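Below is one structure, written out as structure tokens; comments come after it.
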Amino acid sequence: MDHFNYRDGQLFAEDVPVADIAERFGTPAYVYSRATLERHYRAYDDALAGQPHLVCYAVKANSNLAVLNVLARLGAGFDIVSAGELERVIRAGGDPGRVVFSGVGKQPWEMKRALEAGVRCFNVESDTELDRLNEIAGELGLRAPVSLRVNPDVDAGTHPYISTGLKENKFGIDIADAPRVYARAAAMANLEVIGVDCHIGSQLTSVAPFLDALDRVLALVDRLAEQGITIRHLDMGGGLGVTYDEEHPPEPAEYVEALKARLGDRKLELVLEPGRSIAANAGILLTRVEFLKCTDHHNFAIIDAAMNDLIRPALYSAWQAIIPVVPRTDTEAREWDLVGPVCETGDFLGKNRRLSLQPGDLLAVRSAGAYGFVMSSNYNTRNRPPELMVDGDRVHVVRRRETLEDQLGPESCLPE
Ligand code: LLP
1 MDHFNYRDGQ LFAEDVPVAD IAERFGTPAY VYSRATLERH YRAYDDALAG
51 QPHLVCYAVK ANSNLAVLNV LARLGAGFDI VSAGELERVI RAGGDPGRVV
101 FSGVGKQPWE MKRALEAGVR CFNVESDTEL DRLNEIAGEL GLRAPVSLRV
151 NPDVDAGTHP YISTGLKENK FGIDIADAPR VYARAAAMAN LEVIGVDCHI
201 GSQLTSVAPF LDALDRVLAL VDRLAEQGIT IRHLDMGGGL GVTYDEEHPP
251 EPAEYVEALK ARLGDRKLEL VLEPGRSIAA NAGILLTRVE FLKCTDHHNF
301 AIIDAAMNDL IRPALYSAWQ AIIPVVPRTD TEAREWDLVG PVCETGDFLG
351 KNRRLSLQPG DLLAVRSAGA YGFVMSSNYN TRNRPPELMV DGDRVHVVRR
401 RETLEDQLGP ESCLPE
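Listed below in structure tokens is the structure:
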């Protein structure tokens with residue numbers, strides 16, 4: 001459930017008509033709903049009540065400071081993959097002690113910064129990363145808290161680009177090799193082994209692959225106990241899908257219940273790293289129709305948002321709903337390809353969408369709150385859109401629209 005709904009014949013974001021937002025702030029623009037973010041975070045946190053847990057929102061999904069701040073105020077933890085994301089969390093009022101640091105390529109300066117900030121755990125993805133972390137922690141006179149990200153070799157059944165838990169993927173440590181790597185980690189002077197971690201992919205629409213992974217990870221936890229290594233927390237990563245179209249992913253509560261049932265009375269703290277399921281349906285990309293162009297083959301609606309603003313359709317052939325802000329009844333519906341101004345055939349946000357359109361109409365691309373703005377670029381020297389957050393009947397600019405000066409300022413010509 002989200003807070004983008006029709007009321008009195010037009011689309012609202014919480015209590016604000018979306019058309020008013022376009023009027024005030026222009027298009028294209030990302031619009032987020034605070035109430036939706038909060039609702040989605042609470043769906044996890046409430047389901048986990050009674051179980052030691054930490055919900056670490058995956059910052060990469062939407063790293064706007066206001067988004068992080070809304071979640072930090074609810075006590076969220078954060079999953080980061082760079083020192084840049086750590087700075088965002090800190091600046092948004094998040095607690096570094098509730099941060100887990102994931103990613104296959106952590107650089108020495110990033111490890112140093114994270115150790116100094118006191119992150120809760122490093123999710124380590126290779127033998128060599130362990131060596132680097134041990135060395136840097138030693139230089140700082142600190143002990144680094146560590147989980148190993150194991151690769152349980154399960155098929156998440158999702159898009160190959162966002163499937164991460166198979167042996168052939170670059171992520172994690174082969175679960176068969178994990179006991180050896182744990183033994184090494186446990187013997188390192190400047191590391192403290194505290195957990196085990198896995199993340200098998202994104203946009204999963206059933207619980208089964210998560211449970212497969214969990215079973216394998218629990219078997220590892222038992223094996224490690226025999227080796228004298230006590231695991232205190234179990235991080236199942238993110239990955240729960242959302243409804244873009246006809247998908248019916250499990251609700252967070254259903255997913256969490258299934259995990260809890262498998263955990264039984266084990267004394268393990270459960271860490272989750274949801275991104276998409278918190279942010280995706282808490283945002284829309286608001287765009288306006290510039291021109292209608294009908295050829296013998298296609299009807300093109302040329303809109304003012306493009307692949308540089310939202311890359312998912314071009315990159316993954318992703319389907320996101322595109323709906324009129326003020327549905328019309330005075331124009332016949334046709335099948336439209338919604339294309340942007342960028343000079344690429346892949347520049348579309350939707351194809352074959354049945355809509356009643358006139359030039360100047362406003363459209364909302366739904367489910368754009370995750371992997372939307374964060375993956376945007378300046379391709380074609382386009383200013384990136386503003387990010388706006390609706391809170392009840394108020395609209396806050398949480399990132400202003402870029403200007404050409406923002407883009408050109410850091411560049412220079414060669415000297416004379
Ligand atoms: N934890 C780790 C270690 C991850 O790699 C990811 C996402 C998450 C958590 C959050 O997963 P989520 O709950 O959002 O599924 N750009 C792609 C998605 C890439 C996901 C990368 N990793 C897309 O637009 O579909």
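In full-length UniProt numbering, the protein residues as written are 1 to 416.
Just so you know, even glycine gets a beta-carbon here, dropped at the ideal spot from N, CA and C.
Here the structure is a predicted model, which is why all the values come from computation and not from measurement.
Cross-strand partners of residue 350 (DSSP beta bridge): Residue pairing by DSSP places residue 350 opposite 338 in a beta bridge.
Inter-residue CB distance, residue 235 and residue 147 (contact presumed, cutoff 8 Å): The C-beta separation of residue 235 from residue 147 comes to about 6 Å, placing the pair in contact by the 8 Å criterion.
Cβ distance (whole Å) where residue 337 is taken to contact residue 348 below 8 Å: About 6 Å separates the Cβ atoms of residue 337 and residue 348, confirming a contact at the 8 Å cut-off.
Close Cβ partners of residue 402 (< 7 Å) along its chain, the five nearest in sequence each way excluded: Cβ within range, chain order: 383, 384.
Helix, strand or coil at residue 306 according to DSSP, with G and I counted as helix: Here residue 306 sits in coil by DSSP.
The ligand LLP heavy atom lying under 6 Å from the CB of residue 372: Flag unset: Cβ of residue 372 not near the ligand LLP.
Burial state of residue 329, where buried means 16 or more other Cβ atoms lie within 10 Å: Under the 10 Å beta carbon count, residue 329 is surrounded by fewer than 16 other beta carbons and is classified as exposed.
Distance between residue 323 and residue 313 (C-alpha atoms, nearest Å): Using only the alpha carbons, I get a separation of about 16 Å.
Same chain, Cβ closer than 7 Å to residue 293, five either side skipped, listed in chain order: Cβ within range, chain order: 300, 302.
Heavy atom of the ligand LLP within 6 Å of residue 79 beta-carbon: Under cutoff, so the answer is yes.
First and last residue of the uninterrupted alpha helix (DSSP H) at residue 75: Here residue 75 belongs to no alpha helix (DSSP H), and DSSP marks it neither H nor E.
Where residue 381 falls: helix, strand or coil (DSSP): Helix, per DSSP.
Residue 233 - DSSP class collapsed to helix/strand/coil: Here residue 233 sits in strand by DSSP.
Cα-Cα separation, residue 117 to residue 386: Going from the Cα of residue 117 to the Cα of residue 386 covers about 30 Å.
Span separating the alpha-carbon of residue 126 from that of residue 181: Answer to the nearest angstrom: the Cα atoms are 8 Å apart.
CB contact below 7 Å: residue 51 versus chain D: Given the protein chain composition of this structure (a single chain), no chain D is represented.
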